Structures are given as structure tokens and as C-alpha cells.
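Its first residue numbered 478, the sequence shown is counted upward by one per residue in this note's numbering.
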Amino acid sequence: MREYLDKIDAVIANGRYKADWASLQQYRPPRWYEDAKLGIFIHWGVYSVPAFGSEWYSRNMYIQGSAEFERHIKTYGPHKNFGYKDFIPLFKAEKFNPAEWAELFSRAGAGYVVPVAEHHDGFQMYASELSDWCAAKMGPKRDVLGELFAECRKRGLVCGASSHRVEHWFFMGHGKEFDSDIKEPLRRGDFYWPAMPEPNHHDLFSEPAPSEEFMNDWLCRCCELVDKYRPRVVYFDWWIQHSAVKPYLKKFAAYYYNRADEWGEEVVINYKHDAFEFGTAVVDVERGQFADAKPYIWQTDTSVATNSWCYTERNWYKSAAQILRDLVDIVSKNGRMLLNIGPRADGSIPDEDRSILLEIGNWLSVNGEALRGAKLWRKSGEGPTRITEGQFADAEAKPYGCEDIRFTVNGGCIYATCLNMQGKSEVLIRSLAEADASRKPNFHGIIKAVSVLGHDPSPAWSRDEEGLKITTRPVDTDKPVVFKIEID
478 MREYLDKIDA VIANGRYKAD WASLQQYRPP RWYEDAKLGI FIHWGVYSVP AFGSEWYSRN
538 MYIQGSAEFE RHIKTYGPHK NFGYKDFIPL FKAEKFNPAE WAELFSRAGA GYVVPVAEHH
598 DGFQMYASEL SDWCAAKMGP KRDVLGELFA ECRKRGLVCG ASSHRVEHWF FMGHGKEFDS
658 DIKEPLRRGD FYWPAMPEPN HHDLFSEPAP SEEFMNDWLC RCCELVDKYR PRVVYFDWWI
718 QHSAVKPYLK KFAAYYYNRA DEWGEEVVIN YKHDAFEFGT AVVDVERGQF ADAKPYIWQT
778 DTSVATNSWC YTERNWYKSA AQILRDLVDI VSKNGRMLLN IGPRADGSIP DEDRSILLEI
838 GNWLSVNGEA LRGAKLWRKS GEGPTRITEG QFADAEAKPY GCEDIRFTVN GGCIYATCLN
898 MQGKSEVLIR SLAEADASRK PNFHGIIKAV SVLGHDPSPA WSRDEEGLKI TTRPVDTDKP
958 VVFKIEID
């Protein structure tokens, strides 16, 4: 590890980015990321074997009295005889076909793909030289990440990777509270190491803080991902905002950005909770949105299921229409969506996940010009439905109606997307009313033509001081309807 740390220091010393916020402020998000409004997130790992509760099974199975704890004993026996590590041989990925995955993501209309490279459980889904606890050496005995990257790149998809490693500091700690397979002494390199006490959730910075040894290991793992796979997105989950992690975040960012300079690539780091100094990476809102448009690029990560990020036997799925409405709202406010699916342990993608992705792809094949490469208009939208701002606010479908409209501009046109016009044939777009000295602000542009993408190329329309009124054939879909408005 010392040799790797020396390499990291050398790259930083010789690059234009240094490990301080002032230097990292040079960063600018790339154009490809600005244009790509939809990415695919993938939670797939050892936790997919029990397929119960959520991807936090590795933690919760060691919490006495939890549903996972009780089910584990009933299904697999006492923890001292069958622990989380014993799921690894059962994680065979025998149906994993990276070409089929990549083709599905392409058909879904995605611009980038971000598999989880290492979750809180500490099992790496790639070929690591720093640990034996990885998919190339155990379980599938395949370089899952490398194989998927190769197939995605063949189809022009940008590849990224996520690291949730930092939470491993405490993730297995409850296993020390009773007679389980998590026992001292634990040393670096052990699967369960360090299994420290979980922080107080009212004080996430409570002691013990991540140690220098743990954080150096974390940094090397992250930089190994960068060196071996050249991801153009690195996504970090929460808890990297811990004060003990900050110096290592700066080192990682400087290393990653300097390496990208060497490759001639433009890259992205996603973060949450003010972990990075604003402007040095791209902020992410987990399962949520901003209420208003932002002058900076941002991302939301969400999932096709509301109860879990990984596959479970009882996932509760959103509809494709619900996801598309949120996607349109997010893009109108300068965001992009990283949409998660959860494959089964054998590598097959559940029918529900597949169906949702294909529905989204079919909609984007007709309406994608309103989103891909689009920019902000003078306002993001109009209508009565208010967005609850912040994370963990997307489980319930929002009550969008015909008056809820979102705007983007692309190729000299304004795109006004009605989020839910089902059963209606008329829409009034008030933001496109004719100029009137008594109404400020107003729109002075001249409208040449109006069409409804995939529905009606020549709807009847008129414009007055109340707004742009459009009459089309009755709409029989609950998915968003896009009005293309050509401006002189």
C-alpha cells in the first residue's frame, strides 16, 4: 500500500490539480455530462443472494431482533455457522450477460452507466490487486465491472463506477455484539475488517472516527478503480462528509482529475451532503429533487423500486410514467437522473426492471429531443403541483395534472412538456402568452409552428394574452406529452 500511496502523491505533485479546494475549483463539468440526462445505476452484489429487505442486508442481519436477523436464523442457521461471507460462494452470476445488459441500457436511452463497484459490504465487483475479496477471485470469478464496461463502450455508453466503501468502517460492527462469525482480531485485508461501532445517527461524526490506516486503504481502492478501469464518473455514497475523510477526498479528486488530464478525458465526481467544496464536483440528491431550477449542473439518484436498491423478492416498483415525469422535471431544472435497477444474484434482470427501462427508452426514442442536449429556458415550468425539495422524497407519485408543464430549449425550439395530459385534448401554456405591457415578464417571441411529438404533427393552436392554447387529439397515455414550439 505504501508504494501505491507514493504513486498517488507523485501524480498530484506533477499535475495541475492539487489536494486543496482552491486548486480543485478549476474543475468544470464536461459537456458530455451536461448533455446526457439519463444514466443507469446498478446495485448488484453478494446482498442479491439473500434478496431480502434491501442492499443493507449485510448490516441488518447482525442486528439482533431485526427482520433480517430473524429470517437469517430461520433460513440459514446461526450466524456463527453461516455468516455474510458464506453467501459469496452462492453468488455465481451464472446468467450474467454483459452484452445483453449493455444493449438494454442503450435501448433505454441512457447516456452513461454506473455499476456499484464496492458496496458497504466490502465485496469488490471487479479484479482487485489490493484485496482477495473480489468478484474476479471469489463468487462469480469474473471481472464483472471490466466485462460490462467493455460492452457498454462498444455501444457508445459512458462508463462510471460507484464506491460505498467508506461506510464499511462500521457496517459489520453489530456482528461483534453476539456470537457470530465476526470476531477479533480483525486486520486489514480481512473481509469484515474493521467492523467498528456504528456512529450515533444523531451525530454521524461521533467517535471512533475512521483511522488513518482505514482511510489510506480507502484511497488506494478508489485510485485502483481509476487506474484499472478509467471510469468517467465516480459516484460516492454518503458518510464521505465525515471530517476525517476530507483530506482523502481532496487527494482522490486531485489524483482522478490529473489522471483524466493524462487520458485526455473529462470526468465527474458525484457527492452528497456538502462532502466536497461547492464547485469542485457535481452535487447529487438521493431520491429527491430541487424545487427550482439551478444555475449549476446537478444529479438525482433514484431507483425503479421504492423499498430497495438491490433486487429483493418483494420489490415495490414505480411506474415508467412516474419516473418519466420526474425525469422531465429534473432536466428542466438543470439536473440529470441516475436511475437504478437491481439484477438477481444469477445476473438476470427482473422483468419489472426490464419493462420499465424499455418503456422509458420507447418514450425517449420519440421525445428525446426535448431532453438530450437541451438547456434551460427562462423558467423551468408552470402549474400548481409543488415539488418537495430534498432527499428521500420520491416514493409517492406526484399529483401532476394538465396544468403542470416543464420547459427546455434545444435546436432553436422551445419544448413544453405536459407532465400528465391523459384524457385531455386541450392545454393552455400561460408562460407563452402574447406580450402585454401590463403583464411582466412576458414572452415576445414569434411562434411559427407547434407540433406534438409522436402524437399530432399539426394541432390547432392560437395565442393571446392568456397563453398559447393547443387543441390536439385526445391523449390516451399517462406519460408526459411534449409540445415542440418553433420560434422565429
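Each residue gets a CB set at the ideal place from its N, CA and C atoms; glycine is no exception. Note that this is a predicted model, so its numbers are computed, not measured.
Report buried or exposed for residue i, applying the criterion of at least 16 other Cβ atoms within 10 angstroms of its Cβ.
i, result
"F753", "buried"
"E790", "exposed"
"T865", "exposed"
"E763", "buried"
"N558", "exposed"
"V843", "exposed"
"W793", "exposed"
"A926", "exposed"
"N491", "exposed"
"S939", "exposed"
"S928", "buried"
"D778", "buried"
"G888", "exposed"
"S935", "exposed"
"A968", "Missing from the structure shown is residue 968; the chain here goes from 478 to 965 and no further."
"G666", "exposed"
Looking only at C-alpha atoms, which of the options sits nearest to residue i?
i, options, result
"K956", "S796, P506, L607", "S796"
"R505", "Y494, K514, L515", "Y494"
"Y892", "F884, D598, T949", "F884"
"F648", "H932, V703, A822, I540", "I540"
"A872", "E743, P555, W786", "W786"
"C503", "F655, G741, A758, L696", "Cys is not the amino acid found at residue 503; the sequence shown has Gln there. Closest by alpha carbon: A758."
"M538", "V904, F655, I923", "F655"
"P527", "K551, P507, G542, N677", "K551"
"F668", "H645, I923, R736", "H645"
"I800", "W840, G824, N811, I717", "W840"
"A851", "L515, V590, N817, A822", "L515"
"Y524", "Q601, V703, A587, S500", "Q601"
"L501", "P662, R630, I519, A731", "A731"
"R863", "E628, K875, E577", "K875"
"A703", "E742, E675, E689", "What sits at residue 703 in the sequence shown is Val, not Ala. Checking every option, the nearest Cα to that of V703 belongs to E742."
"Q776", "A798, I746, Y788, N784", "I746"
"M898", "T949, A937, L909, K484", "T949"
Looking only at DSSP bridge pairs, what is residue i linked to?
i, result
"R940", "L945"
"M692", "Beta-bridge pairing links M692 to no other residue."
"L834", "Answer is none; L834 lacks a bridge partner."
"L634", "The partner list for L634 (beta bridge, DSSP) is empty, contrary to what the question assumes."
"Y712", "S639, N747"
"R665", "D667"
"T954", "DSSP lists no partner for T954."
"Q601", "E595, C611"
"M814", "L515, T777"
"F960", "A893, V929"
"N887", "C890"
"V760", "Y748"
"G867", "Q766"
"A910", "None; A910 has no bridge partner."
Report the CB separation of residue i from residue j in whole angstroms; it is logged as a contact under 8 Å.
i, j, result
"E624", "P575", "4 Å"
"D761", "Y773", "In fact, because the Cβ distance is near 12 Å, the residues do not count as touching under 8 Å."
"H597", "H641", "5 Å"
"R698", "L607", "6 Å"
"Y561", "F626", "About 27 Å; that fails the 8 Å criterion."
"G900", "P951", "7 Å"
"A604", "I517", "Rounded, the Cβ-Cβ distance is 22 Å, inconsistent with contact."
"C890", "K961", "6 Å"
"I489", "N735", "6 Å"
"V520", "V593", "Looking at the sequence shown, residue 520 is not Val but His. So it is a contact: roughly 5 Å between Cβ atoms."
"I906", "L853", "So it is not a contact: roughly 17 Å between Cβ atoms."
"I833", "G858", "24 Å between Cβ atoms; not a contact."
"G530", "Y589", "Not confirmed; about 29 Å, so no contact."
"K810", "A770", "4 Å"
In angstroms with no decimal places, state the Cα-to-Cα distance between residue i and residue j.
i, j, result
"K614", "E595", "15 Å"
"L482", "A782", "39 Å"
"A686", "A721", "6 Å"
"Q766", "I807", "7 Å"
"W498", "C895", "41 Å"
"L581", "D512", "20 Å"
"G838", "F568", "30 Å"
"I947", "G845", "21 Å"
"V973", "E942", "Absent from the model: residue 973. The displayed extent of the chain is 478 to 965, so no value can be given."
"H556", "D803", "42 Å"
"S543", "P671", "22 Å"
"I924", "L726", "49 Å"
"W740", "Y553", "47 Å"
"N817", "S780", "4 Å"
"I717", "C700", "15 Å"
"D953", "Q868", "32 Å"
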